[in-house]
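Below: the structure, in structure tokens.
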Amino acid sequence: MYRAKMAMTIIKHNYHFQFVEHERIRDIHSFLNPTVKSISRNTAKADVLKLFERDKVTFKRTLESVASRICPTSDLWSSLTSDGYLALMAHYIDEDWVLQKKILNFRHVPPPHSGSILAKRVIHLLKDWGIDKKIFTLTLDNAKYNDGLVDVLKCHILLGNSLSCDGKFFHIRCGAHVLNLIVQEGLKVIDEARHSVRESVKYIRDSKARKIKFAECLAQLPSSCSKKVQQDIVTRWNSTYLMLECALVYRLAYSRLQLVDTNFRTCPSEEEWERVKRITRFLKPFYEITILFSGCRYPTANLYFHGVWKIQLLIKEEMENLDDVISSMAKRMKGKFDKYWECYSMVLSFAIILDPRYKLQFVEFCLKNLDLVNFTNRVKSIREKLYLLFEDYVSRSPASTFNRTFKKGRREYCSCFMYLLKNCRSKRRMKRRKSLWRILRVSCCTRRQYNH
Numbered sequence: 001m002y003r004a005k006m007a008m009t010i011i012k013h014n015y016h017f018q019f020v021e022h023e024r025i026r027d028i029h030s031f032l033n034p035t036v037k038s039i040s041r042n043t044a045k046a047d048v049l050k051l052f053e054r055d056k057v058t059f060k061r062t063l064e065s066v067a068s069r070i071c072p073t074s075d076l077w078s079s080l081t082s083d084g085y086l087a088l089m090a091h092y093i094d095e096d097w098v099l100q101k102k103i104l105n106f107r108h109v110p111p112p113h114s115g116s117i118l119a120k121r122v123i124h125l126l127k128d129w130g131i132d133k134k135i136f137t138l139t140l141d142n143a144k145y146n147d148g149l150v151d152v153l154k155c156h157i158l159l160g161n162s163l164s165c166d167g168k169f170f171h172i173r174c175g176a177h178v179l180n181l182i183v184q185e186g187l188k189v190i191d192e193a194r195h196s197v198r199e200s201v202k203y204i205r206d207s208k209a210r211k212i213k214f215a216e217c218l219a220q221l222p223s224s225c226s227k228k229v230q231q232d233i234v235t236r237w238n239s240t241y242l243m244l245e246c247a248l249v250y251r252l253a254y255s256r257l258q259l260v261d262t263n264f265r266t267c268p269s270e271e272e273w274e275r276v277k278r279i280t281r282f283l284k285p286f287y288e289i290t291i292l293f294s295g296c297r298y299p300t301a302n303l304y305f306h307g308v309w310k311i312q313l314l315i316k317e318e319m320e321n322l323d324d325v326i327s328s329m330a331k332r333m334k335g336k337f338d339k340y341w342e343c344y345s346m347v348l349s350f351a352i353i354l355d356p357r358y359k360l361q362f363v364e365f366c367l368k369n370l371d372l373v374n375f376t377n378r379v380k381s382i383r384e385k386l387y388l389l390f391e392d393y394v395s396r397s398p399a400s401t402f403n404r405t406f407k408k409g410r411r412e413y414c415s416c417f418m419y420l421l422k423n424c425r426s427k428r429r430m431k432r433r434k435s436l437w438r439i440l441r442v443s444c445c446t447r448r449q450y451n452h
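So the sequence shown is residues 1 to 452, counted in full-length UniProt numbering.
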């Protein structure tokens with residue numbers, strides 16, 4: 001029991017294995033229990049690995065028992081020393097209809113990081129967890145190597161005939177990452193204003209004396225704020241937004257510092273401050289949508305169309321802005337938006353269609369406003385693909401699946417697909433389509449009905 005507790009302590013608090021050999025730690029343990037047998041760092045390491053293997057076996061059984069399909073996400077991380085690490089996560093719905101997100105692996109991957117090499121590593125990891133035949137979608141960012149990864153991985157899984165609809169819905173592009181690319185394109189226009197704020201922040205953060213002087217300037221202002229002066233990360237637009245937002249809060253303090261510190265020459269002009277203010281107001285909804293898309297405690301697939309719709313309206317509105325810089329930002333963002341709108345995943349349409357509050361009417365409404373020219377063809381394509389997925393579920397679902405009992409409450413809405421499967425299994429294909437179409441055409445639930 002003692003060794004197991006020590007192993008859990010090391011894991012919980014990220015202690016080094018030599019922690020168990022510290023003299024004072026051993027003194028405390030001996031004081032609490034004179035008969036305790038101290039362990040070495042090698043023993044502690046072996047105990048941690050043993051605990052890991054035990055929990056891994058337990059979780060593999062959990063994944064085996066998951067009735068739904070599993071949707072992995074994968075990303076390649078870079079350390080400060082430029083070492084590559086592959087992160088693999090599993091997203092699934094458990095038996096209580098609760099969305100689960102689990103980190104399966106975080107492995108060092110030596111270069112080269114080509115699509116085929118990464119695909120082999122992902123295949124190995126999926127097999128190791130026993131979920132390679134339960135995959136529905138794989139969500140990735142827009143890195144160039146990911147196209148090759150998807151092609152190799154899809155071909156491998158298709159050999160086992162385990163992908164729904166022959167992998168037509170397999171690859172999903174990360175919505176938050178696409179949004180990042182869209183906003184980054186717009187930020188290229190405001191380099192001058194952004195540069196002034198960034199250099200001002202750097203000036204203050206680079207010296208303790210400057211920090212003290214800036215704090216004195218703040219103390220002379222009538223209002224106080226507890227926000228720290230934030231420096232952005234060039235590759236993360238949301239950090240740029242937070243930097244600009246924070247700078248606006250301290251606008252008067254920066255101006256006062258310019259008066260008392262003759263070396264401070266990067267303070268934005270009044271015109272630049274006003275532009276930063278308009279830029280921040282423009283970017284705020286994009287930041288909020290990014291936070292929404294990045295959530296892991298709630299389903300996000302059915303939020304996609306809401307976000308896309310809001311983004312499209314914002315860009316369209318700001319393209320007519322009287323400020324040439326804001327207008328230019330919006331136009332550049334519109335180009336990126338149109339590019340990625342062409343290759344969005346149909347599955348994200350299905351998610352909102354199966355939401356009883358919105359159904360097909362909401363998708364039609366969004367598509368009509370986003371792309372009036374191709375509206376009819378897009379709606380037709382979505383319907384056909386939804387029928388295709390439905391037929392795939394009908395053909396793959398055993399009869400025993402339909403005899404499950406579901407708890408009352410919100411689960412009733414979640415089980416509408418199973419209800420359709422049960423009632424349509426014995427019907428001909430055209431009749432099944434009509435049944436699906438009929439239930440999707442029923443009036444949407446009100447929010448009050450849904451919540452109760």
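Idealized CB from N, CA, C, for every residue including glycine.
Give me the DSSP bridge partner(s) of residue i.
i, result
"L99", "I93"
"Y85", "W77, H108"
"C217", "Beta-bridge pairing links C217 to no other residue."
"H171", "L138"
"I382", "Partner(s): none; I382 has no beta bridge."
With residue i and residue j assumed to form a contact (beta carbons below 8 Å), what rounded beta-carbon distance in angstroms separates them?
i, j, result
"I182", "H156", "I182 to H156, Cβ: 32 Å. No contact."
"L138", "P72", "6 Å"
"residue 509", "C366", "Nothing about residue 509 can be read from this structure; the chain reaches only from 1 to 452."
"L218", "A176", "Between A176 and L218 the Cβ distance is about 34 Å, and since that is not below 8 Å, they are no contact."
Helix, strand or coil for residue i per DSSP?
i, result
"L313", "helix"
"L104", "strand"
"L322", "coil"
"P285", "helix"
"I279", "helix"
"I131", "coil"
"C71", "strand"
"V197", "helix"
"D47", "helix"
"L370", "helix"
"R265", "coil"
"R225", "It is worth fixing the name first, because residue 225 is Cys in this sequence and not Arg. The answer is coil: DSSP assigns C225 none of H, G, I, E or B."
"S38", "coil"
"C165", "helix"
"G160", "coil"
"R256", "helix"
"H13", "helix"
"L354", "coil"
"C155", "helix"
"K407", "Below a pLDDT of 50, predicted positions are generally treated as unreliable, and K407, at 45, falls in that range; the measurement from the model is reported next regardless. In the structure shown, K407 sits in coil (DSSP, three-state: anything other than H, G, I, E or B)."
"Q361", "helix"
"H29", "helix"
Starting from the C-beta of residue i, find all residues in its chain whose C-beta is less than 8 Å away, skip the five residues before and the five after it, and write them out in chain order.
i, result
"M6", "V20, I39, A44, D47"
"M329", "G186, L187, V189, I190, I279, F282, E318"
"L51", "A4, A7, M8, I11"
"S255", "C267"
"S327", "E318, M319, E320, N321"
"L388", "C165, K168"
Tell me which same chain residues have a C-beta within less than 6 Å of the C-beta of residue i, skipping the five on either side of it?
i, result
"T401", "Unreliable placement is indicated for T401, whose pLDDT of 49 sits below 50; no coordinate value is reported for it."
"residue 485", "The displayed coordinates of the chain run from 1 to 452. Any statement about residue 485 would go beyond what the structure contains."
"D232", "S239, T240, M243"
"H16", "none"
"L149", "G115, L118, A119"
CB-CB under 7 Å to residue i, same chain, minus the five flanking residues each way: which ones, in chain order?
i, result
"Q18", "R41"
"F106", "Y85, A87"
Closest Cβ-Cβ distance between residue i and chain B: below 8 Å?
i, result
"L221", "Chain labels in this structure do not include chain B; a single protein chain is all it has."
Open item on the list: Contact between the stretch 152-172 and the stretch 187-201 is defined here as three or more beta-carbon pairs at a separation below 8 Å; is this criterion met?
Closed with: no
Open item on the list: I'd like to know if the stretch 316-333 and the stretch 138-154 are in contact, where contact means that at least 3 CB-CB pairs between them fall below 8 Å.
Closed with: no
TODO: Decide yes or no for the touch test of the stretch 300-316 against the stretch 346-364: beta carbon pairs closer than 8 Å, at least 3 of them.
DONE: yes
Task: Sufficient close CB pairs (3 or more, under 8 Å) joining the stretch 205-213 to the stretch 233-251 - done: no
TODO: Flag this pair as touching only if the stretch 63-79 and the stretch 87-101 have three or more C-beta atom pairs under 8 Å; answer yes or no.
DONE: yes
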